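The opening residue of the sequence shown carries number 1 in the UniProt record's numbering; numbering runs sequentially from there.
Comments concern the structure below.
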Amino acid sequence: MLSHQEQVQKLGDSEMKLVSFAKDVKDGLVLSKSSFEPLIPGLPDDIALSCLLRLPVEFHSGSRSVCRRWCNVFGDKGRFFRLRKEMGLKDPWLFVFCYDKCSGKVQWYVLDVVSFSWHMIPEMPCVEKMCGHGFRSVSVPRDGSVLVWGGSLEYVLKFDVCMNEWIKMKKMNTPRSFFASGVIDGMVYVAGGNGNDGFELNSGEVMDLRDGVWKPIASMGASMACYDAAVLDGKLYVTEGWFWPFYFVPRGQVYDPRTDKWECMASGLREGWTGSSVVMFGHLFVVSEHERTKLKVYDSRKDVWGTVKGSPLPEQICKPFVVNGCDDKIYVTGKNLNVAIGLIHRLNTTSNDKNLDFLVEWHVVEAPAGISDMTPSGAQVIFA
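Here it is, written out as structure tokens:
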């Protein structure tokens, strides 16, 4: 099944004025009894607002012309998402960082995975022209924020959906690119990668999201760049990946922040980690770049990989691709920004089952023509 979007819309106005929630109430936007007409005739304002805050962003432009109060609701995307957060309304959004190989242009595009509409966010405040490679990004999904850093970026940049703007945070102690990263218990961890001199690093750092301060962690013990990384069971898993001509088994290490120690990755895990990963149902899944791009799942009890039942990755998804997911859905964004959404079913649900048994069903969302020349470099899921 295919979905196709014709347009890409701006998620927000880069010149918007941020209005506090308190002022929204004062102006009669939310619940105040004022001379304004009701938000929706016949409904109390709190119920009406709850209805309006569920309207997909793609319909906001036309809805602003209904009346002054609707214009207040839909005219400021930052305020719109703050109100959704206040009322406990959150839906998943897929943030995709991509670049144009010809022009070098970089941009974040956002897919509403509920209505399957594409949107743009303000450009990152980069002083110099940025390369689309070497950086890393992580998300704090329930907080509605994305962090990106490394590579040619001097500082850590944070995008907050509720403010619809980029915030500059403190830089890492050691500049690096192609490194491992992950969020564990509100702390952002980075390790390995390449330094400014091109040599591989064995150092690591951690940043507390509350104050943005970077501090060193234990050395990896071996210098290595990162092909892929994942957070599983409160630990950071790092693999350098396979390289042609495949003479050597890739190295892999696991960091436990509770003990501030590294250990070697299990042999079966590192040998079978042949693609981009995502953690779902408490298990590590990999979209293999080989083996007909089948989806695999790792069984830590046996240190083996199993194939997920169902078809391989749809042929519309071309390399290079990036992977992320949430709940029971996996999102694979390929070249030209076509997105395959895989619904994962667990076929065995009892603790006595000896084998992991999953099934995937794929659905493809084709990108609009205006962005189909872009190449993805990273993807994150957040809720807003």
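Backbone N, C-alpha and C fix where the C-beta goes; we use that ideal spot for every residue, glycine too.
From a predicted model like this one, the values you see are computed outputs, not experimental measurements.
Per-residue DSSP class, three states only, for residue i
i: valine 366; result: The question names valine, but residue 366 is glutamate in the sequence shown. Glutamate 366: strand per DSSP, three-state reduction.
i: tryptophan 242; result: coil
i: glutamate 58; result: helix
i: glutamate 205; result: strand
i: alanine 48; result: helix
i: asparagine 194; result: strand
i: lysine 105; result: coil
i: phenylalanine 79; result: The identity of residue 79 in the sequence shown is arginine, whereas the question assumes phenylalanine. In this structure, arginine 79 counts as helix in the three-state DSSP scheme.
i: lysine 85; result: helix
i: valine 254; result: strand
i: residue 444; result: No answer is possible for residue 444: it lies beyond the span of the chain, which begins at 1 and ends at 384.
i: isoleucine 371; result: helix
i: valine 188; result: strand
i: phenylalanine 383; result: strand
i: serine 181; result: strand
i: arginine 210; result: coil
i: phenylalanine 95; result: strand
i: phenylalanine 199; result: coil
i: phenylalanine 358; result: strand
i: arginine 346; result: strand
i: valine 249; result: coil
i: valine 66; result: coil
i: leucine 31; result: With a pLDDT of 41 at leucine 31, under the threshold of 50, the predicted position of this residue should be treated as unreliable, though the coordinate-derived value follows. In the structure shown, leucine 31 sits in coil (DSSP, three-state: anything other than H, G, I, E or B).
Same chain, Cβ closer than 7 Å to residue i, neighbours up to 5 away in sequence not counted
i: serine 50; result: Met87
i: isoleucine 317; result: Val332, Gly334, Asn338 and Ala340
i: aspartate 327; result: none
i: methionine 224; result: Gly192, Glu200, Glu240 and Arg251
Chain-order list of residues whose beta-carbon lies under 8 Å from that of residue i (same chain, five-residue window excluded)
i: glutamate 361; result: Gly310, Gly342, Leu343 and His345
i: leucine 89; result: Ser50, Leu53 and Arg54
i: serine 288; result: Thr274, Gly275, Lys294, Leu295 and Lys296
i: isoleucine 167; result: Leu157, Lys158, Phe159 and Asp160
i: proline 376; result: Val96, Phe97, Cys98, Pro320, Phe321, Val322, Thr333, Gly334, Lys335 and Leu337
CB of residue i within 8 Å of CB of residue j, strictly
i: isoleucine 121; j: phenylalanine 80; result: no
i: isoleucine 330; j: valine 323; result: yes
i: leucine 209; j: valine 140; result: yes
i: valine 279; j: valine 213; result: no
i: proline 257; j: methionine 187; result: yes
i: phenylalanine 179; j: glycine 150; result: yes
i: proline 56; j: serine 117; result: yes
i: glycine 221; j: tryptophan 262; result: yes
i: serine 137; j: glycine 325; result: no
i: valine 365; j: leucine 111; result: yes
i: proline 314; j: arginine 292; result: no
i: aspartate 100; j: aspartate 373; result: yes
i: valine 304; j: phenylalanine 358; result: no
i: phenylalanine 383; j: arginine 176; result: no
i: serine 219; j: asparagine 194; result: no
Cβ-based burial, residue i [other Cβ within 10 Å; buried from 16]
i: leucine 43; result: exposed
i: isoleucine 217; result: buried
i: aspartate 76; result: buried
i: serine 267; result: exposed
i: threonine 259; result: exposed
i: tyrosine 109; result: buried
i: aspartate 46; result: exposed
i: serine 61; result: exposed
i: lysine 319; result: exposed
i: leucine 347; result: exposed
i: arginine 68; result: exposed
i: lysine 196; result: Reading off the sequence, residue 196 comes out as asparagine, not lysine. With fewer than 16 other Cβ atoms within 10 Å, it is exposed.
i: arginine 270; result: buried
i: phenylalanine 301; result: Note that residue 301 is arginine in the sequence shown, not phenylalanine. Exposed, because fewer than 16 other Cβ atoms sit within 10 Å of the Cβ of arginine 301.
i: serine 145; result: buried
i: phenylalanine 59; result: exposed
i: histidine 133; result: exposed
i: residue 399; result: The structure shown does not extend to residue 399, since the chain spans only 1 to 384, so no value can be given for it.
i: glycine 272; result: buried
i: histidine 119; result: buried
Own chain, CB closer than 6 Å to residue i, minus 5 neighbours either side, in chain order
i: leucine 236; result: Gly182, Tyr189 and Tyr255
i: leucine 356; result: Val297, Asp299 and Gly306
i: valine 113; result: Pro92 and Leu94
i: serine 63; result: Trp70 and Phe74
i: tyrosine 227; result: Thr239, Glu240 and Gly241
i: valine 206; result: Met187, Tyr189, Lys215 and Ile217
i: leucine 170; result: Note that residue 170 is lysine in the sequence shown here, rather than leucine. Excluding positions up to five away in sequence, the list reads Gly212.
i: histidine 283; result: Val297
Distance cut-off 7 Å: residue i Cβ against heavy atoms of the ligand ATP
i: cysteine 162; result: The model depicted lacks the ligand ATP and carries no ligand whatsoever.
*Completely contained alpha helix (DSSP H) runs for the segment 263 to 341, where each covers 4 or more residues*: Counting whole runs of 4 or more residues, the segment 263 to 341 contains the alpha helix (DSSP H) stretches 267 to 272.
*Runs of beta strand (DSSP E) wholly within the segment 109 to 177 (minimum 3 residues, chain order)*: You should have 117 to 120, 135 to 140, 145 to 150, 156 to 160 and 165 to 169.
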